[in-house]
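Asker: With the first letter of the sequence shown counted as 1, position 108 gets the number 107 in numbering that gives the first Met the number 0; the numbers rise by one all the way through. Here it is: the structure, laid out below.
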Amino acid sequence: MIPRHRQAVRMAGLAPDRTRSAEVRKLAADIKKAQAPEIETLSGWLTSWGETVPSESATDHSTHGTHGTHGMDGMDGMDGMMTGDDVDTLEKATGTAFDTAFLQMMIKHHEGAVDMARTEQAHGAYAPVKKMAGRIITSRSAETEQMNRLLGKS
Numbered sequence: 000m001i002p003r004h005r006q007a008v009r010m011a012g013l014a015p016d017r018t019r020s021a022e023v024r025k026l027a028a029d030i031k032k033a034q035a036p037e038i039e040t041l042s043g044w045l046t047s048w049g050e051t052v053p054s055e056s057a058t059d060h061s062t063h064g065t066h067g068t069h070g071m072d073g074m075d076g077m078d079g080m081m082t083g084d085d086v087d088t089l090e091k092a093t094g095t096a097f098d099t100a101f102l103q104m105m106i107k108h109h110e111g112a113v114d115m116a117r118t119e120q121a122h123g124a125y126a127p128v129k130k131m132a133g134r135i136i137t138s139r140s141a142e143t144e145q146m147n148r149l150l151g152k153s
């Protein structure tokens with residue numbers, strides 16, 4: 000979940016310079032505001048359990064020279080994760096093209112997060128993680144509805 004959150008924060012960080020929509024800008028800020036602290040919480044849990052926290056380079060595609068899933072080391076099979084090509088497309092887009100790509104990609108990204116959170120709720124053993132999974136399901140589902148509405152305006 001940490002690589003997924005980091006990717007969402009990175010995607011949201013592109014919005015201020017690329018969108019002309021106040022609604023998309025606010026949505027992106029809300030995504031960053033919600034997910035950055037979740038990364039810290041998840042990292043803290045892993046550390047306390049003696050587990051390795053995924054490196055930030057797992058979501059950084061800028062140092063890779065090939066496309067496809069470059070920069071997505073260890074994320075093959077994670078539903079909704081953007082490929083390097085997807086991120087490249089988003090980085091190059093501006094205005095309405097950015098808004099449409101951002102919203103479509105973030106919807107897919109959020110749907111994958113909801114699926115992961117549902118799996119955690121069904122099979123997880125640690126109550127605080129299951130509680131966070133419930134919050135993720137609620138918040139990402141609401142944001143997905145909002146993004147679908149925004150796409151309808153485009």
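Beta carbons: idealized from backbone N, C-alpha and C, even for Gly. This structure is a prediction, so every number in the text was calculated from the model and none was measured.
Is it true that the region 25-44 meets the region 84-93, where meeting means three or more beta-carbon pairs spaced less than 8 angstroms apart?
Answerer: no
Asker: Among Thr-95, Gln-145, Thr-99, Arg-134, which residue has its Cα nearest to the Cα of Ala-112?
Answerer: The candidate whose alpha carbon is nearest that of Ala-112 is Arg-134.
Asker: Determine the closest residue to Gln-34 out of His-108, Asp-16, Val-8, with distance taken between C-alpha atoms.
Answerer: Val-8
Asker: When the distance is taken between beta carbons, is Glu-110 closer than 8 angstroms to Gly-79?
Answerer: yes
Asker: Output needed for Glu-55: all residues of its chain with C-beta closer than 8 angstroms, excluding positions within five of it in sequence on either side, in chain order.
Answerer: Arg-5.
Asker: How many Å lie between Gly-12 and Ala-27 at the Cα?
Answerer: 7 angstroms
Asker: Leaving out five residues on either side along the sequence, give the residues of the same chain with a beta carbon under 7 angstroms from the beta carbon of Met-0.
Answerer: Leu-41, Met-115
Asker: If you follow the alpha helix (DSSP H) that Trp-44 is part of, which residue opens it and which one closes it?
Answerer: 21-47
Asker: Out of Asp-87, Met-105, Asp-85, Asp-16, which has the shortest C-alpha to C-alpha gap to Glu-144?
Answerer: For the residues Asp-87, Met-105, Asp-85, Asp-16, the minimum Cα distance to Glu-144 belongs to Met-105.
Asker: Roughly how many angstroms lie between the CA atoms of Asp-72 and Arg-3, to the nearest whole one?
Answerer: At Asp-72, the pLDDT of 37 sits below 50, so the modelled position is not reliable; the number obtained from the coordinates is stated separately. Answer to the nearest angstrom: the Cα atoms are 12 angstroms apart.
Asker: Taking only the alpha-carbon atoms, compute the straight-line gap between Ala-132 and Lys-107 and give it to the nearest angstrom.
Answerer: 17 angstroms
Asker: If you follow the alpha helix (DSSP H) that Thr-178 is part of, which residue opens it and which one closes it?
Answerer: In this structure the chain extends from 0 to 153, so residue 178 is not present and cannot be described.
Asker: Does Glu-142 pass the burial test, meaning 16 or more other C-beta atoms within 10 Å, or should it be called exposed?
Answerer: Buried.
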